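**Q** So that we are looking at the same thing, I have put the structure below in structure tokens.
There are 4 protein chains.
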Amino acid sequence: MTVRVAVAGASGYAGGEVLRLLLGHPEVEIGALTGGSNAGQVLGALQPHLVPLAGRVLQETTAEVLAGHDVVFLALPHGQSAAVAEQLGDDVLVVDMGADFRLKNPADWERFYGSPHAGTWPYGLPELPGGRAALAGTKRIAVPGCYPTAVSLALAPACAAALVEPEAVIVAASGTSGAGKSPKPHLLGSEVMGSMSPYGVGGVHRHTPEMIQNLSAAAGEPVSVSFTPTLAPMPRGILATCTAKAGPGVTAAEVRAAYEKAYADEPFVHLLPEGQWPATAAVFGSNAVHLQVALDEAAGRVIVISAIDNLTKGTAGGAVQSMNIALGLPEATGLSTIGVAP
Amino acid sequence: MTVRVAVAGASGYAGGEVLRLLLGHPEVEIGALTGGSNAGQVLGALQPHLVPLAGRVLQETTAEVLAGHDVVFLALPHGQSAAVAEQLGDDVLVVDMGADFRLKNPADWERFYGSPHAGTWPYGLPELPGGRAALAGTKRIAVPGCYPTAVSLALAPACAAALVEPEAVIVAASGTSGAGKSPKPHLLGSEVMGSMSPYGVGGVHRHTPEMIQNLSAAAGEPVSVSFTPTLAPMPRGILATCTAKAGPGVTAAEVRAAYEKAYADEPFVHLLPEGQWPATAAVFGSNAVHLQVALDEAAGRVIVISAIDNLTKGTAGGAVQSMNIALGLPEATGLSTIGVAP
Amino acid sequence: MTVRVAVAGASGYAGGEVLRLLLGHPEVEIGALTGGSNAGQVLGALQPHLVPLAGRVLQETTAEVLAGHDVVFLALPHGQSAAVAEQLGDDVLVVDMGADFRLKNPADWERFYGSPHAGTWPYGLPELPGGRAALAGTKRIAVPGCYPTAVSLALAPACAAALVEPEAVIVAASGTSGAGKSPKPHLLGSEVMGSMSPYGVGGVHRHTPEMIQNLSAAAGEPVSVSFTPTLAPMPRGILATCTAKAGPGVTAAEVRAAYEKAYADEPFVHLLPEGQWPATAAVFGSNAVHLQVALDEAAGRVIVISAIDNLTKGTAGGAVQSMNIALGLPEATGLSTIGVAP
Amino acid sequence: MTVRVAVAGASGYAGGEVLRLLLGHPEVEIGALTGGSNAGQVLGALQPHLVPLAGRVLQETTAEVLAGHDVVFLALPHGQSAAVAEQLGDDVLVVDMGADFRLKNPADWERFYGSPHAGTWPYGLPELPGGRAALAGTKRIAVPGCYPTAVSLALAPACAAALVEPEAVIVAASGTSGAGKSPKPHLLGSEVMGSMSPYGVGGVHRHTPEMIQNLSAAAGEPVSVSFTPTLAPMPRGILATCTAKAGPGVTAAEVRAAYEKAYADEPFVHLLPEGQWPATAAVFGSNAVHLQVALDEAAGRVIVISAIDNLTKGTAGGAVQSMNIALGLPEATGLSTIGVAP
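Protein chains in written order, with the working numbering: chain A, 1022 to 1363; chain B, 1022 to 1363; chain C, 1022 to 1363; chain D, 1022 to 1363.
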């Protein structure tokens, strides 16, 4: 099987990462690459790490350029995917790494993104209950946000097993690549090195409704989420500290058992041995999720901590994993659980 | 007035930072410097940034060496301060930058530190209610822990004004200097650069009872604390994200007003203008505390975020500030609110 | 004595650093602050570390705004200083932190900067032979470039003592603040963290003719310079590795003696004890220069390594030092040799 | 073909990296793993990024444990390889990632390593003239040092084509993993983050004679080397700035042509397009070498800059590449030119 793939938005971080993974995917042939303002440039000048594609020229993002591929990955700014997608045939697998088709509730979309809702596509997080079934054979995939990936995998088992009350408090640290490649003063190396800072505080971050959607589905009841993202001085990685009040009488052993059961057969989710805690360095460049759980008996809270690479499992790796399922390929094809460390 | 000062433990990070500040203190003359295994070495080989003291030789930490000073700063491993302090006269101001005399409840000490409780000294956080009165004229000061400094200043006003319920959930990121200068594999640059990781999860970090002590005093009732510390890839700084459930009907304006009132006259606590969030880089090397508050109405929680330099306001700067109060000097002598950025 | 000072370009890194230092200068009162596109904003939003000036509003950079001060610091883009300076009276001390007035040879200026030469002002590197005499009482100061500061202080003694042949090979690493605060893709944190890269290779960096000018003056003959700058993953600091072929029969002791003699009375230049090498962390935020020398007998080369803070001694600290000399103040007023480390 | 491989020293950085690569090598089956003081521990606690091997227990490094494999990688401290190697049969391919068998001249070994010379094995740098022939079918491989890899590939073509005089001046920056995983105070994250510092200055670094050996062989005459290594605040990567005086009349076009010719068919050496400079981030985790050349006509020097990942091409990737050649496998099997960036 040879799958011919195009990538729209190949000059950004998500586009570069999906190309890095696709170059190692044995069933994929890389076709058209498009860019926005970078159209006309060679990829080697923009993504020097992708040596085998160094001479490729970026084209304009048009339906003509993207036509004739089996799969099209969209790595476009929020709000631009719908217009492109509707020009691609129903027989093309379209994988949107933007936010446009993640939310089910149009009111949530409009409140957090300020534009009309484009629709809802099958959600690319196979490890959630029912996740794989929704993706099998689909021709449209909404890749989850990076924070919702880390947070949903951390808390869904506790919610599903009713081990916690439906009020989550989450603080997550992300590497700067999560903020994209557009140059802004606060993202300069001079500003971020040696500094931690929060942003989107007070329930205003756009990934909040997506977390609520996932955790409420797992819990079978509405879950409230207090989410605070922080920017960390590292290029990649998310460390999500997720806590919720423990249900009455819940024990540490029950919590651990729920996670062992939930992820026993998952190829990418790795519950660490007791006493060992996740570190983002260990998942750098990999599709792995490292998890650890604790029960703070004095405070009466369950704490679950997850580490992912925001660009791999959090974006492009999750996208390739979902593509594999949609195409009927072995789910882990072209993906790895092995981080590049130190 | 010339205050003659000795520093026990001058080769570590806390000792080096207090020397850096004391070198700029107009009323201080630096006397004996002692080290543990480094006794006999010149300070320049261990603290090359302290050029004016480069030729000073570290002595053994003995009562004889420390005698004859007006003030003795102890920057010793936990559990070693009491034995030294009791050999120093009652007329000497002893400032302990270790944990030994911070906790009031011996049971807390024994549970978290595993040794007999040495006692309780006046607590060096002047910005807490009653803080200055406890320090005026004292001859013994227990310098707060770095996390308790960041967290207590962030949450005490909300607790004191009964704007939140007495259950705090806190996640904080610290630079690596908080872990000290003893070489351990997980603190190697190769391990920490590019990585975020938690430690002391589940209520077991030693600073937890100190936070509970401070916040309960502010609230006038027991406050439970869920505290998760994380190690961030930066040498200095603490960013503490502190949240608690908002009391019924509490508004954002009320929250902000409480903080404006609490810190209106504080020289070192800086409530940022609305819309601006703290970053640890802005307080690097300074004694400032940057604060911002938010009310997440959907989640029903108050979020307060503080940034400090763990070595300055979090340890040595707080120590000098308390020394100034104890000696009757202007509180800000030798201290600055100006960070070294970028 | 109270010196009233204005800073043009207060929103950038050089402007911010000179304000940080001036806030601690006992003879200075800070007057007008101007910005380019940031005029109208409060400084606190742009330089959050400068708490005492947080409420100051940036004004337009005009002669009217800058009038009425004793000293005006210009922290403007290259080529803009001359037009501002000529509108300021001859009785005002103008300190240009840009490149406009550093070079003596108009042809060098035109070749490297591509515009007509504006002139030559007294050069603000007091530690060079004759440096202080040129600055005493002057009303115009050209602050050296950051790399030329590090390199000239490293090699001038060897050149002056004819210990080396007049061909220098220099490789220097700079923190990213040297590239300024204008957001550009290659300066994003995501790009620079974890990466070393060169730029301006092959003799094209604009600081090259300035180094040649300084070293040739010291040597009394033309010195050729091969200079390669690299960008290092740190916010501040320059480490300059400077080498030249040793003259016939030169010994290591002679080399060391030349440096001991050259800098014996210098307050800011610190020749480290034998066996200890400079590190940029040790001079972070200080005006100190740390130096060490070696003779590689097998290769027949002298190696001198210097570490400075590019924003302090390399720009704003050097500027304040020269201002002090020009005004007849003690040279070290408001400046420190103590770095903020770790 | 299934190659059964053992790794001695699996808990360190070189051992971890070779395992990371071998896990992706389609012809390799990973056998025994040994450790020094870590014997008895599970690999997951020491190398958490190697998820597929998390449960493997480290054994003692003995001949019995290492017996029965086709290939044994030695990632041991300098001086320990010979004793192990001589107990392994002549039919086993032994790949030494330490220094023991790199140098041909016993006097060089004794002077730089202070112990008797163990011998000389075929040298694992296939891109050098004659490099592949020396490795085909061999049962013993001496993997080059990381700096000699970066430097030799940068300068050998210029030396071989007699475009430069035989005196090289080299300054290189390395990530901290090059210093290994043994905890030492100067390698703490607190010390290295935000800091550049040199070490081994003046011709005393142990990699110097290896560079001289390689460059002299390429030049056909003795080449002197002035080499200064620096420690950079990043976990991985080497950026080597290599310069030499240009021969009379040499042009930039000639220099470029020599490199294009030398590396036209090399799978891992990538001469960048003119105007683009290497950055270590682009080769992170890959076996690629990025190169660029310049001629500084004013200074009369050729500058060649190379970027490699010190752990991959600089150690473990080079080791696997040489193993492939020795075993008759396609040279690039299990290796990639694609970096993990940003």
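Using N, Cα and C, we set each Cβ at its ideal position, and we do this for glycine too. Remember, predicted model here, so these are calculated numbers, not experimental data.
Mind checking which residues open and close the alpha helix (DSSP H) that includes Val1172/B?
**A** 1167-1181
**Q** In the structure shown, what three-state DSSP assignment does Gln1062/A receive?
**A** coil
**Q** Give me the Cα-Cα distance between Ile1346/C and Val1024/C, rounded to the nearest whole angstrom.
**A** 13 Å
**Q** At what residues does the beta strand (DSSP E) containing Thr1229/C begin and finish?
**A** No beta strand (DSSP E) contains Thr1229/C, which is instead part of the alpha helix (DSSP H) from 1229-1240.
**Q** What is the DSSP secondary structure of Ile1326/A, reduced to helix, strand or coil?
**A** strand
**Q** Entirely within the segment 1091-1151 of chain B and at least 4 residues each: give me those alpha helix (DSSP H) ranges in chain order.
**A** 1102-1106, 1127-1134
**Q** Quick one: Cα of Gly1268/D to Cα of Ser1195/B, how far?
**A** 54 Å
**Q** Under the rule that 16 or more other beta-carbon atoms within 10 Å means buried, what is Glu1281/A, buried or exposed?
**A** exposed
**Q** Any beta carbon from chain G within less than 8 Å of Thr1264/B's own beta carbon?
**A** Going by chain labels, chain G is absent from the structure shown, which instead holds the protein chains A, B, C and D.
**Q** Can you check which of these residues, Thr1249/A, Glu1295/A, Ile1233/A, Gly1349/A, is closest to Pro1187/A by C-alpha distance?
**A** Of the candidates Thr1249/A, Glu1295/A, Ile1233/A, Gly1349/A, Ile1233/A places its Cα closest to the Cα of Pro1187/A.
**Q** Check each residue of the segment 1293-1307 of chain C: if its Cβ is closer than 8 Å to any Cβ of chain A, include it; give the result in chain order.
**A** none
**Q** Mind listing the chain A neighbours of Leu1260/B? Cutoff is C-beta to C-beta under 8 Å, in chain order.
**A** Residues of chain A whose Cβ lies closer than 8 Å to the Cβ of Leu1260/B are, in chain order, Met1217, Ser1218, Pro1219, Thr1251.
**Q** Tell me whether Gln1068/B sits in a helix, a strand or coil according to DSSP, three-state version.
**A** coil
**Q** Please report the residue range of the beta strand (DSSP E) in which Glu1186/A lies.
**A** Start and end: 1185-1195.
**Q** With a threshold of 7 Å on Cβ separation, who are the neighbours of Ser1307/D within its own chain once the five nearest residues in sequence on each side are excluded?
**A** Asp1330, Thr1333, Ser1357, Thr1358, Ile1359, Gly1360
**Q** So Arg1041/D is in the alpha helix (DSSP H); what residue range does that whole segment cover?
**A** 1034-1043 is the span of the alpha helix (DSSP H), which, as asked, contains Arg1041/D.
**Q** When Cβ atoms are compared, which residues of the segment 1072-1086 of chain A fall closer than 8 Å to chain D?
**A** Val1072, Pro1073, Ala1075
**Q** Quick check on DSSP: helix, strand or coil for Pro1219/B?
**A** strand
**Q** Below 8 Å on the Cβ atoms is my contact criterion, and I expect Pro1254/C with Ser1216/C to pass it. Report the Cβ-Cβ distance as a whole number of Å.
**A** With 8 Å as the limit, Pro1254/C and Ser1216/C qualify as a contact, their Cβ atoms being about 6 Å apart.
**Q** If you count every other CB in all the chains shown that lies within 10 Å of the CB of Glu1038/C, and 16 or more means buried, which is it?
**A** buried
**Q** Against chain D, does Ser1058/C count as a neighbour if the rule is that its beta carbon must be under 8 Å from one of theirs?
**A** no
**Q** On the premise that Leu1236/B lies in contact with Gly1244/B, defined as a C-beta separation below 8 Å, what is that separation, rounded to the nearest angstrom?
**A** For clarity, residue 1244/B is Val in the given sequence; the question names Gly instead. The Cβ separation is near 4 Å, so the contact holds.
**Q** Does any CB atom of chain A fall closer than 8 Å to the CB of Ile1329/B?
**A** no
**Q** So with CB distances below 8 Å, who are the chain D contacts of Pro1204/B?
**A** Pro1204, Lys1205, Pro1206, Leu1208, Leu1209
**Q** Given a cut-off of 8 Å on the beta-carbon distance, is the pair Gly1076/A and Val1063/A in contact?
**A** yes
**Q** Opposite Ala1261/C in the DSSP bridges: which residues?
**A** Its beta-bridge partners are Ala1193/C, Ser1327/C.
**Q** Please list, in chain order, the residues of the segment 1343-1363 of chain A that have any C-beta partner in chain D closer than 8 Å.
**A** Ser1357, Thr1358, Ile1359, Gly1360, Val1361, Ala1362, Pro1363
**Q** So, are the CB atoms of Thr1264/D and Val1323/D less than 8 Å apart?
**A** yes
**Q** Can you list, in chain order, the residues of its chain whose CB lies under 7 Å from that of Val1325/C, leaving out five sequence neighbours each side?
**A** Ala1175, Leu1176, Ala1179, Cys1263, Leu1312, Val1314
**Q** Within the continuous alpha helix (DSSP H) that includes Ala1279/B, where are the two ends?
**A** 1273-1284
**Q** Please tell me whether Ser1198/B has its Cβ less than 8 Å away from any Cβ of chain C.
**A** True, the Cβ-Cβ gap to chain C drops below 8 Å.
**Q** Does the segment 1046-1059 of chain C come within contact of the segment 1132-1144 of chain C, defined as at least 3 CB pairs closer than 8 Å?
**A** For the pair of segments examined, the segment 1046-1059 of chain C was found not to touch the segment 1132-1144 of chain C: the number of CB pairs separated by less than 8 Å stays below three.
**Q** Please list, in chain order, the chain B residues whose beta carbon lies closer than 7 Å to that of Tyr1168/C.
**A** The contacting residues do not exist; Tyr1168/C stays about 18 Å from chain B at best.
**Q** Within the chosen definition, does the segment 1158-1175 of chain C reach the segment 1296-1304 of chain C through at least 3 CB pairs nearer than 8 Å?
**A** No: fewer than three Cβ pairs fall under 8 Å.
**Q** Under 8 Å, Cβ to Cβ, is there at least one residue of chain A near Met1214/C?
**A** yes
**Q** Per the contact definition of three or more C-beta pairs closer than 8 Å, is the segment 1118-1131 of chain C in contact with the segment 1283-1300 of chain C?
**A** no
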